[in-house]
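Scroll down for the structure; my scribbles are underneath it.
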Amino acid sequence: MTTQETIELFDKYVIANYSRLPRVIVKGQGCYLYDADSNKILDMFPGWAVSAIGHCHPKVVDALRKQAGELLHIDNTFYSEPQGELAKLLSERAFGGKCFFCNSGAEANEAALKLARLHTSQEKYKFITAEGSFHGRTFATVTATAQPKYHEGFLPLLPGFVYVPFNDIAALESAFSDEVAAVMVEPIQGEGGINVATAEYLQAIRRLCDEKGAVMILDEVQTGMGRTGKWFGYQHFDVVPDIITMAKALGGGVAIGAMMATEEVAASLVPGKHASTFGGNCLACAAGVAVIEAIEEDNLLKNAVELGRYIKDKLEQLKLKHSIIDSVRGIGLMIGVQLTSPGKEIVDKCLEKGLRINCTNDTVLRFMPPMIATKSQIDQAIDILDSVLSGS
Ligand SMILES: Cc1ncc(COP(=O)(O)O)c(C=O)c1O
């Protein structure tokens with residue numbers, strides 16, 4: 004099929020709810036994508052943070068092949084080995100909690116919000132979330148997403164959500180009441196522009212939740228699974244939440260989401276209260292196990308820390324040369340470049356030159372390289388960005 008033929012299929016049969024680039028991707032391998040016109044693209048934003056250990060990681064592909072030959076899916080009427088094994092591996096790398104599996108980030112957050120309501124007393128029905136957040140597109144999670152542009156066309160939203168400025172402890176304190184069931188924030192806001200929480204802010208959430216009997220939920224959908232150089236973003240901040248949610252990188256390219264809660268909070272999720280037909284699917288969980296093994300066997304947490312420092316240094320050097328760069332921020336391989344004007348054109352020009360990056364919140368270039376990337380691939384990416392910013 005030619006690129007044009009595929010695009011025609013989409014025009015005729017696929018709902019046009021995404022702004023797509025006119026490229027058909029036919030293959031992904033490691034840090035590279037290949038399109039139907041034989042172009043090779045260096046991917047510094049793989050799968051919108053899904054393919055964090057690179058495209059088609061051989062360990063994930065092998066695990067999928069093996070699992071596909073044994074059992075693709077079994078419903079949650081039964082026990083299955085991959086689900087139990089993945090829950091154990093995640094629990095041991097976080098705070099020793101218990102997992103509920105689903106299929107996406109929004110579903111993981113939806114489960115967390117419902118569990119917070121179940122776990123707290125009946126008069127607690129409010130949720131506090133932060134301006135600039137992104138938590139998903141279901142009705143509850145789009146309501147939790149405190150960015151008005153995502154609400155347009157869907158009013159009235161779910162009742163009970165209160166929005167506060169991110170990293171503002173005083174605003175959080177004044178918004179808190181006995182009616183709050185949970186606070187949900189991202190340790191680093193991804194879609195909101197790579198805004199890093201302060202340790203004091205996350206610790207204030209912990210303190211207020213403890214004082215008022217509310218649940219602290221951290222959305223680790225983008226920050227989780229090693230992206231920041233630790234397994235989970237919260238591990239940078241000397242704080243332990245009651246619930247974390249994850250998805251994206253967890254399945255190495257296979258759809259999966261998970262919510263982990265402390266044993267005490269998890270006990271409130273009893274049969275009949277929440278479920279997912281595909282949640283804990285054998286194939287997805289086998290992929291998740293392989294992702295964790297690959298990260299550990301290939302020392303990718305260490306690589307994320309070292310490479311994160313390297314790319315940040317390089318971007319700081321570019322800042323000295325290009326006045327459009329205002330600042331560089333982020334942790335590990337979750338990096339934002341704050342521009343003084345919109346970045347879409349820069350992203351498009353980078354792609355023409357064979358580099359994929361992203362622009363979020365209009366003026367923030369987002370680099371989320373695969374954790375398997377090398378310094379020479381980072382150099383290549385920086386050279387392309389440099390040439391685009393130089394107008395050459
Ligand atoms: C922090 C965060 N939470 C939740 C979501 C929603 O995840 P999904 O698109 O898998 O539903 C996203 C997606 O970008 C996200 O970045």
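Residue numbers (my numbering): 4 to 395. Just so it is clear, CB atoms sit at the ideal spot from N, CA and C, and this is done for glycine as well.
For K233, the three-state DSSP class (helix, strand or coil): coil
For S330, the three-state DSSP class (helix, strand or coil): strand
R68 versus L121 - alpha carbon distance: 39 Å
Counted within 10 angstroms of its Cβ, other Cβ atoms place A147 as buried (16 or more) or exposed: buried
Unbroken alpha helix (DSSP H) run spanning A111, endpoints: 108-122
Q225: CB within 7 Å of a non-hydrogen atom of ligand 1: yes
Residue(s) in a DSSP beta bridge with F164: F130
D78 (DSSP reduced to helix, strand or coil): coil
Beta-carbon proximity of R230 to M219, cut-off 8 Å: no
M4 burial status per 10 Å Cβ neighbour count (16 or more: buried): exposed
Per-residue DSSP class, three states only, for R312: helix
CB contact flag (V165, A185, <8 Å): no
heavy atom of ligand 1 below 7 Å from N112 C-beta: yes
Environment of S393 [buried if 16+ CB atoms lie within 10 Å]: exposed
G260 vs N106 beta-carbon contact at 8 Å: yes
8 Å contact criterion, which N112 and G135 should meet: CB distance rounded: N112 to G135, Cβ: 16 Å. No contact.
heavy atom of ligand 1 below 7 Å from G256 C-beta: no
Chain C within 8 Å of D386, Cβ atoms only: Within the model displayed, chain C is absent; a lone protein chain is all it includes.
Pair within 8 Å by beta-carbon distance, C285 and S83: yes
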